[in-house]
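Taking numbering that gives the first Met the number 0, the leading residue of the sequence shown gets 0, the next gets one more, and so forth. Just so you know, even glycine gets a beta-carbon here, dropped at the ideal spot from N, CA and C. As structure tokens, the structure follows; a few thoughts come after it.
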Amino acid sequence: MYQSKKNLKIESKGSRYEIGDFVVKIGTVTMSGHYKGILVEVEYLPCAVPALCWTLMREFMQSFMGSCVNPQAPPYIQNRFHDIHAAQDTVQQYVEKFNEFRDGSTYSGAQANAPNS
0 MYQSKKNLKI
10 ESKGSRYEIG
20 DFVVKIGTVT
30 MSGHYKGILV
40 EVEYLPCAVP
50 ALCWTLMREF
60 MQSFMGSCVN
70 PQAPPYIQNR
80 FHDIHAAQDT
90 VQQYVEKFNE
100 FRDGSTYSGA
110 QANAPNS
């Protein structure tokens, strides 16, 4: 039997804050109009290579999100730790997070977007 797939719209809307060299985006994730969670993106403007600034980014996130920040970089970032981070990397991380929300995966810690150039 053929059943059409529901067209689920998922999006994150929120605020953007600049704090010194950091940009923090906090968004509410909704799927087909229903609340699913909160997504926090952190960007460190002076650096485009995660290996060179991950410790600083982690400490910054811990300053306002506490112990829920995972001490390890997200897997996507770990696989590209010494590469220059570009816009397509940010898009890919959003796709992965949206898929987690869509699948209903449990989420136990904060993760950051690597720096952008």
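Decide if residue i is buried, meaning its Cβ has at least 16 other Cβ atoms within 10 Å, or exposed.
i, result
"Tyr16", "exposed"
"Asp102", "exposed"
"Lys8", "exposed"
"Leu44", "exposed"
"Gln77", "exposed"
"Phe59", "buried"
"Val94", "exposed"
"Ala72", "buried"
"Gln92", "buried"
"Val68", "buried"
What are the start and end residues of the alpha helix (DSSP H) that includes residue i?
i, result
"Arg121", "Since the first and last residues shown for the chain are 0 and 116, residue 121 lies out of range."
"Lys96", "86–102"
"Pro74", "74–77"
For residue i, report the span of its beta strand (DSSP E) as first-last.
i, result
"Phe21", "21–30"
"Ile83", "Note, Ile83: premise wrong, no beta strand (DSSP E); not H, not E."
"Lys8", "Careful: Lys8 lies outside any beta strand (DSSP E) and carries neither H nor E."
"Leu38", "33–43"
If residue i sits next to residue j, beta carbons under 8 Å apart, how far is it from one beta carbon to the other, in whole angstroms?
i, j, result
"Ser11", "Leu38", "5 Å"
"Gly123", "Thr27", "An answer regarding residue 123 cannot be provided, because it is not within the stretch 0 to 116 covered by the chain."
"Glu40", "Phe21", "11 Å between Cβ atoms; not a contact."
"Arg57", "Pro70", "7 Å"
Tell me which same chain residues have a C-beta within less than 6 Å of the C-beta of residue i, skipping the five on either side of it?
i, result
"Val23", "Tyr16, Val41"
Going by beta carbon distance, what residues of the same chain come within less than 7 Å of residue i, once the five residues before and after it are set aside?
i, result
"Ser107", "Residue confidence is low: Ser107 scores 46 on pLDDT, short of 50, so the model does not pin down where it sits. No coordinate-derived value is stated."
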